[in-house]
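Chains as they are written, first to last, in the numbering used here: chain R, -10 to 285; chain X, 10 to 768; chain G, 4 to 173. By construction, the Cβ of each residue, glycine as well, lies at the ideal position given by its N, Cα and C atoms. Report on the following structure.
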Amino acid sequence: MRIPPFEFKAPEHLNQALALLGRAGQGATLLAGGTDLVLGLKKKTLAPDLIISLQNLKGLDDVREENGMICIGAMATHETLAKHPLLRERADILCQAVGLIGSWQIRNAGTIGGNICNASPAGDALPPLLALDARFVVAGPDGEATLPATSFFKGPGETCLGRGRILTQVQIPLPPEHSAGCYMKMRRRKAVDISIAGVAFQAAVDETGQKIACAGIALGGVAPTPVRVGDAEDLVRGCTIDQALGRLGDIAQCCADAARPIDDIRASAHYKRTIVNVFAQRCARHVLTRLKSKRG
Amino acid sequence: MSEFDVVGKSVPQLAAREKATGDTRFVTDLVLPRMLHGRVLRSPHAHARIISIDTRKAAALPGVRAVVTHADTPKIKFGPRSEDWTIFAEDKARFHGDEIAAVAAVDPDTAEQALDLIQVEYEVLDHVVSPLEALEPGAPLVHEESPGNIAAEFNIEAGDIQKGFDRSHVIYADRFYTNQVYQAYMEPMAVLAETDLSGRVTLHTGTQIPNMMRMTYAKALGMAPENLRIVVPEYGGAFGGKMENNIHLVAAVLSQKAGLPVRLVNTRQEDFLAGNPRVPMYFDIKLGATKEGVLTAKDVRVVGGAGARLVYSQVIVSTACYRVDSLYRFKNVRARGITAYTHTVPTACYRGFGNSQSTFVLESAMDELAAALRIDPAELRMKNGVGPGETSVHGWKIGSSGLRECVEKATRAADWTRKKAEKKPFRGIGLACCNHVSGNRPFAREFDGGSAMVRVGRDGRVMVFHGESDMGQGQNTTYAQIAAETLGVPMAQVHVAQVDTDISPFGLGSFATRGTLMGGNGVMAAARKALEQLKEIAGDHLEADPGKIICKKGEFYDPDNPAQRMAFKEVASLATISRHGAPVVGTGFYKPPTQLPDPDTKKGNISPAYPFGCQIAEVEVDPDTGQVTVTRMAAAHDVGRAINPMATEGQIQGGIAQGLGWTLMEDMAYENGRLVNADFVDYIVPSAFDMPGVESILVEPVEPNGPYGAKGIGEPALNPTMAAITNAIYDATGVRITSLPVNPEQLLAKIREKQGSRC
Amino acid sequence: MTPVPVHLIVNGEAVHLTVPPNRVLLDLLREDLLLTGTKEGCGLGKCGACTVLLDGKPVHACLILALQADGCRVDTIEGMADKREGRLHPLQEAFVEKGAIQCGFCTPGMINTAKALLDENPDPDTEDIKQAIAGNLCRCTGYHKIVDAVSSCACRSHNKSNTRKADNHE
């Protein structure tokens, strides 16, 4: 439970951070909020020689709208996002999800960037980001790159961020006004618990308000990475709200089929799949009903 | 209005202000000059032969002051009940978490580093975790001296169960399982040990049983009890879990070897691994009744898992065998209990002490009988409930019993009749009752009463010395209220001393819901002795008969001449002066009218008073996920008289929270003999969000043997919660929960099964 | 391991220390500053006993490196009461009076979280309170009296005058 020694740097500029990271190589780890990193240090699952903290980098924690994008700094805390007016209005599904992460204490320290780079299969922010078609801006020694969330996650704790690079920003294409989203997670107690299975469902209707123009459906906690369920999206996209409501069973089945859960101490694989099915239906019904009432 | 000035009033805990400001020094906050930090190396295996331990590298690490193993101890076998303990594992590790070695170093980082440098070579052996499997032929043995892994057996029989079952119209029989759960007190076990030049050891630790612990530990350390002193600072909860534990002895050995004070604090993980959680039990119950709903017979077989050594599990299993028999008017009962050694952490006391396990089982079975007989479950309890003045099947003399009043008041508060009649899908209501003791004669054997000293200083300040233990429940406050009421002084004048075996009386401690009644009666007796002395002085000065003088609100007077008064402080001052400085000290004790049970029949009145209770739970079950939400609880408890109603309510609410956690989420999970959820990540306890509204109802039939009529509440607060919830689940779904905790997946499968069979 | 200077404002007082990077804020408070009011219940950010306010927001002191708090305001339980006057903060007073304290080990963290809640939302309802303290485990009380204590402060700071007026009208 004690933390072995390491060196600590808190650079003030991104290029300094990148330079430090480049020089240090494999032994260096980035520190954002620390809620996962310090835990890993204490449990000895992480033992870096050097910790490079991003705490002094300016402007990495703001949230703004820019060129049809919601741009979220990687160091924005879960608590900031959960309460952010722009997100509440346009991408509430993310607010719902990060609002369910850990406790208030954890949400005050933990960051969206940390949640992404930690790449826990159960990370609550991840399914909504997939469902919202988010992209991750990554700074590296050779400049900036933008990576789609959908293909970012490779396995538990593994991403395609690449060594020597820093996630700086999350970009979410501004969802249309007539959109709605819902994130539900299964927990063993009513608050502050790891997700056993999470379902994110985001959809928008076209200008007529009749047809579903776009849909994003993603799962968490039921595979080595968060999973986007394209088949379920196909069932919804292009049909009317009522048609979609008529297909809830199929949508849910698609989601359950896409899940690749494992048995663990928290629940059996079979049960997780059952939960995905149930929550997918509930999320879909909730979103579709809201879209319907918005239209009215 | 109460006829008392202090008793029966809701007052904050004596220590509440210090606790609110962070000034209270808990065990983990204690610091002494040159204090070292201890750590324990624990077995990673459930069962393994220790081939070798090499501590040389650890000892050579700069900053390490002592490294100890079995070789550094007196190598004496000991234990609170059965001598199967050693301070460190000798030749074998017998559970994941068993003590192998320990270090003391100048700081916690160095101590942890040193642990990593100790090299232990193990030969891993087969293990057994389930008590049922432990009893099977050929199971790996935990102790070679105990063939078949049988640690203890208990048999009890009264009446004629065969006759009873023969005249039954309905009989319910099933197997139940109650799992291993962890007390999860918020402050992990901790100790600060120091050894003086004469070799005398002082342990500062949070313990429920300072005096009994001292006797056990003196033996373990090979020293006379007078060479061991135990001091009990404020500590962060216990719930049964803080009795004897090797951590204290490890610290003692480290401080002996290092010659310096050593603080040893369990990490939370270690506390899970090597604390003393609840005894897991299997029950086979058979329960009969006539068609009128009169209970005819009860037959039970209990198998409990002791873990790798006996702490108190055998006594807990015996309690599970028969304590519930005095809840109802049983005539014919039989129970057989086996305590089996297993390769898990030693199990022991946790709020309810076996009675909570058996209450879950009996109250589930009662619900099944009610369903079979088509009798209202509340009515079935009322019909069979033990009343005041009755003697139970095991010879327990029930003085006061508010059982029926508890059922009446709880059902009224919960709107039971209406809710039971209306059937809303997947909503349910369930009821369960309980009984308990206020002290347990056979537990300590030598005696079971309570005692205290009350010192009145020249300044009139009253100090109560007791040898029990305030684990955070507010016992000190209760004692202060009793002392203040008895002496006739305001609460603010009364203080309670920290328990210190050098000074305090030899109290047995806090267990068996005995603190209020036993300790409280002791305090009352001591306060009376002090008061008599003060009355003599007051009598001299007021020129009145000391026998007639009373003290109220800090003033002595003769009720026949109330105009002439003397302040308590003045009398105290005169008393001290007249005795050349000696304070007024009253020493008193309470000898309860109890009996050691007959060794053969186990008959005998084991407690001076018996609390009762009834809880009603309402639940919602999610038919798609099997998730259970408790939406409301009503809890009526017979507490004799609540000395401090606010604290009593707090006990009820806290007991329900723990019972709810046990029922719905808590479970110590083993994989390959290892505890795999030794943290608050995967061992989850209720958060504020999980708690339903709780209506607590205090039923106060004044108990003739209680101080100011009080009985205990600590354990009964939890006893009925599990069955109340699972009976509500049964009402909501038709599914009988026979195994704790409720597993949503299994519940869902059973709900689907029922739905399938209905189609 | 190179020690690094860290500057904090702890309970209103500037603190300058040089700490090894592996020091967590909790150990800095408890061991370097002897502010033992902040408790360690699990060390892994799951019980809330170590909750302190970092720039006014509740965080787990056991999961934050001391260096992460550089330049921040840290408020612990020791800074809440006016001890020279013997006066407790209204929240502390409410915890005492409502019986929200049993063993008291969770109390400092619980009060800190509650204070942050009331600072942010002076009139929280029961659900808000439960939401805020969901990460602060208490094993003694079952939370009822804690929620009551926090609620009573909400009323005191917000609704009291309204209630009084209503009473006067009757």
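| Asked | Found |
| --- | --- |
| Cβ distance (whole Å) where P111 (chain G) is taken to contact A157 (chain G) below 8 Å | Between A157 (chain G) and P111 (chain G) the Cβ distance is about 20 Å, and since that is not below 8 Å, they are no contact. |
| Short CB-CB distance (under 9 Å) between C143 (chain G) and chain X | yes |
| Contact belief for Y321 (chain X) with V190 (chain X) at Cβ below 8 Å, rounded distance in angstroms | Not quite, the Cβ-Cβ distance comes to about 16 Å (not below 8 Å), so this is no contact. |
| Where P289 (chain X) meets chain R, residues with beta-carbon distance less than 8 Å | Within chain R, no residue comes near P289 (chain X); the closest Cβ sits about 17 Å away, beyond 8 Å. |
| For L43 (chain R), the nearest candidate out of R:A247, R:G23, R:L35 (CA to CA) | R:G23 |
| Through-space distance from G102 (chain G) to F108 (chain G), alpha-carbon basis | 14 Å |
| Nearest-angstrom Cα separation, counted from E579 (chain X) out to L206 (chain X) | 43 Å |
| Beta strand (DSSP E) runs wholly inside the stretch 120 to 200 of chain R, at least 3 long, in chain order | 124 to 129, 132 to 137, 142 to 144, 155 to 162, 168 to 175, 186 to 194 |
| Stretch-stretch touch, CB-based, cutoff 8 Å, three pairs: the stretch 578 to 593 of chain X with the stretch 504 to 515 of chain X | no |
| Integer-rounded CB distance, given that I165 (chain X) should sit under 8 Å from K611 (chain X) | 5 Å |
| Distance CB(G138 (chain G))-CB(S257 (chain R)) smaller than 9 Å | no |
| Whether F339 (chain X) touches V402 (chain X) by CB criterion (9 Å) | yes |
| Contact the stretch 151 to 171 of chain R vs the stretch 271 to 279 of chain R: 3+ CB pairs below 8 Å | yes |
| Proximity test, L296 (chain X) beta-carbon vs the ligand ADP heavy atom, cut-off 8 Å | The ligand ADP is absent from the structure shown, which contains no ligands of any kind. |
| CA nearest to the CA of T18 (chain R), picked from R:K31, R:K(-2), R:L3 | R:K(-2) |
| For D135 (chain X), the first and last residue of its enclosing alpha helix (DSSP H) | Looking at the DSSP string, D135 (chain X) is not in any alpha helix (DSSP H), and its letter there is neither H nor E. |
| DSSP-derived helix/strand/coil call for Y566 (chain X) | strand |
| Three-state secondary structure (DSSP) of C50 (chain G) | coil |
| Residue from X:V137, X:M677, X:A534 with nearest C-alpha to N714 (chain X) | X:A534 |
| Interface residues of the stretch 10 to 32 of chain G facing chain X [CB-CB below 9 Å] | P23, N25, D30 |
| Cβ-based burial, E173 (chain G) [other Cβ within 10 Å; buried from 16] | Note that E173 (chain G) scores 30 on pLDDT, short of 50, meaning its location in the model is unreliable and no value can be drawn from it. |
| Beta-carbon contacts of G670 (chain X) that lie in its chain and below 6 Å, excluding the five residues immediately before and after | V694, P695 |
| Residues near T202 (chain X) by beta carbon distance below 6 Å, same chain, minus five either side | As written in the sequence, residue 202 (chain X) is Ala, which differs from the Thr given in the question. Here the set comprises L212, A260, A261, S264, V271. |
| Proximity below 9 Å, CB of E130 (chain X) to CB of I62 (chain X) | yes |
| Cβ neighbour criterion (16 or more within 10 Å) applied to S160 (chain G) | Summary for S160 (chain G): the model assigns pLDDT 48, below 50, so the residue's position carries little reliability; its value from the coordinates is reported in the next sentence. S160 (chain G) should be labelled exposed. |
| Any C-beta of chain G under 9 Å from that of T157 (chain R) | no |
| Helix, strand or coil at M700 (chain X) [DSSP, three-state] | coil |
| Segment contact flag, the stretch 89 to 103 of chain R with the stretch 33 to 51 of chain G, C-beta cutoff 8 Å, min 3 pairs | yes |
| Neighbour-count burial assignment, K143 (chain R), 16 or more Cβ in a 10 Å radius | exposed |
| Opposing strand residues paired with L707 (chain X) [DSSP bridges] | X:H646 |
| Minimum Cβ-Cβ distance from G48 (chain G) to chain R less than 9 Å | yes |
| At least three beta-carbon pairs within less than 8 Å, the stretch 24 to 41 of chain G to the stretch 72 to 81 of chain G | yes |
| CB contact check: E123 (chain G) to chain X, cutoff 9 Å | no |
| Residues bridged to K60 (chain G) (per DSSP) | G:L57 |
| Members of the stretch -4 to 27 of chain R that neighbour chain G once the beta carbon cut-off is set at 8 Å | E(-4), F(-3), A(-1), L20, G23, T24, V27 |
| Three-state secondary structure (DSSP) of C84 (chain R) | helix |
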